[in-house]
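First up is the structure itself, then whatever we jot down about it.
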Amino acid sequence: MKKQLIWAMGLSMALCACKKESKLHNQNPAETGGVKGAKKYAVGFNLSGFTKETKGISSGKLGINATLSDAIKSLSYYAYTGNIDSLRPVKTINQKSTDAGFGTITDSLAAGHYTIFFVGSTSSKYYVTTITDDPVARTYRPALAYVDNNVADTFFQKLEFDVTAAGTQNVVLKRIVGEVTYKLLDALPADVNTIEVTFVSAPPYYDMINGGAASDGHPSNSDDRIQTFTVNSSDKGKTNVEFSTYVWPFPYFATSIAAYNANNVVIGQTKLDDSPGLSVEANTQYVLSGNLFKQSPSNFSITVDSKWNTPQNSNF
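So the sequence shown is numbered by the working numbering: it starts at 224 and just counts up by one.
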């Protein structure tokens, strides 16, 4: 998306194998300006509103005019200069939903070519790192990741443009994760303490240049994505209890769920050998429904929920 910009930008949100991690987004990284002494142009980004495309998962009630803080709690602006295969960071601005003026970003940039990334998340524990693009050419690209691969609901947009004067541009952030929900049809036992959901060989990064999940060019660098839930006392004995987690869009080899008691002993689980693959797309919710405690082996059927996109169904 390349176009001449007249700056004072308005942002409308509908709602590295050399690897080097940057600081967490809410810390204050060192910033570099453009060419020393070069004339700079004021730039501004005003975030407001949401489209149906970024309808929230948890409540399912976010409307077109929902406020920014209804969907995200952290927002980051990353400015880079240079060619796509040799980007150099210029500026990072981070905001929290509790900050005054959340959703309004101002900056100044010297004339030149820029690539800008916007990241919005319900978590503050994300960071930008670099991953290998071409080991032979020794080129790298920025990638988004979460501490301990604990992916949260995430919105993103990339802009590429030339700064030549003052002007305005609107930007739409899009959800770049999928949500997978395990729905347990049988009653939770009284001695269940935690539920653990596992995605085998999950890529830890999101490629900010090309889009989609990434593994630094080396599949062996992928780790299992494990999400652990503490079971609420009020849910014990109930049926249809759900446990949901976010993942990068990716064709996962297998996913499984296990239940543990207070002594960390397994009291119900699906076997990885019997677990199906699951190809997850962005902005789509998948619901895996089945019995974990009453059947052996446990059996789950998969549906794609209509909460985000058009429903699809499959069985295994």
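Just so it is clear, CB atoms sit at the ideal spot from N, CA and C, and this is done for glycine as well.
Unbroken beta strand (DSSP E) run spanning residue i, endpoints
i: Thr321; result: From DSSP, Thr321 is part of no beta strand (DSSP E); its letter is neither H nor E.
i: Gly434; result: Gly434 -> no beta strand (DSSP E), and no H or E assigned at all.
i: Asp490; result: Asp is not the amino acid found at residue 490; the sequence shown has Ile there. Where Ile490 is concerned, the enclosing beta strand (DSSP E) stretches over 489-492.
i: Phe473; result: 473-475
i: Ser512; result: 508-514
i: Glu465; result: 464-470
i: Ile449; result: 446-453
i: Phe501; result: In the sequence under discussion, the amino acid at residue 501 is Leu, which differs from the Phe named in the question. Its beta strand (DSSP E) spans residues 501-503.
Sheet register partners of residue i (DSSP bridge)
i: Leu382; result: Ile339
i: Val415; result: Asn484
i: Ala333; result: Lys263
i: Pro312; result: Tyr303
i: Leu408; result: None, per the DSSP bridge assignment.
i: Thr387; result: Note: Thr387 sits in no beta bridge, so no partner.
i: Val420; result: Gln450, Ile480
i: Pro365; result: Thr353
Whether residue i touches residue j by CB criterion (8 Å)
i: Thr468; j: Val403; result: yes
i: Gly434; j: Pro474; result: no
i: Leu408; j: Asn463; result: yes
i: Ala375; j: Thr417; result: no
i: Val370; j: Ala334; result: no
i: Lys296; j: Ser347; result: yes
i: Ala505; j: Met431; result: no
i: Ala410; j: Pro426; result: no
i: Thr355; j: Tyr363; result: yes
i: Val470; j: Val503; result: yes
DSSP-derived helix/strand/coil call for residue i
i: Asp293; result: helix
i: Ile399; result: coil
i: Asp376; result: coil
i: Ser347; result: coil
i: Asp371; result: helix
Identity of the residue in the options nearest residue i by Cα
i: Tyr483; options: Lys406, Arg448, Lys397, Val415; result: Val415
i: Asp447; options: Glu465, Leu408, Tyr428; result: Tyr428
i: Ile328; options: His336, Thr353, Phe340; result: Phe340
i: Thr315; options: Thr304, Tyr300, His336; result: Tyr300
i: Tyr337; options: Thr321, Val313, Gly324; result: Val313
i: Leu515; options: Tyr349, Gly326, Glu419, Val342; result: Glu419
i: Phe378; options: Pro412, Asn487, Gly343; result: Gly343
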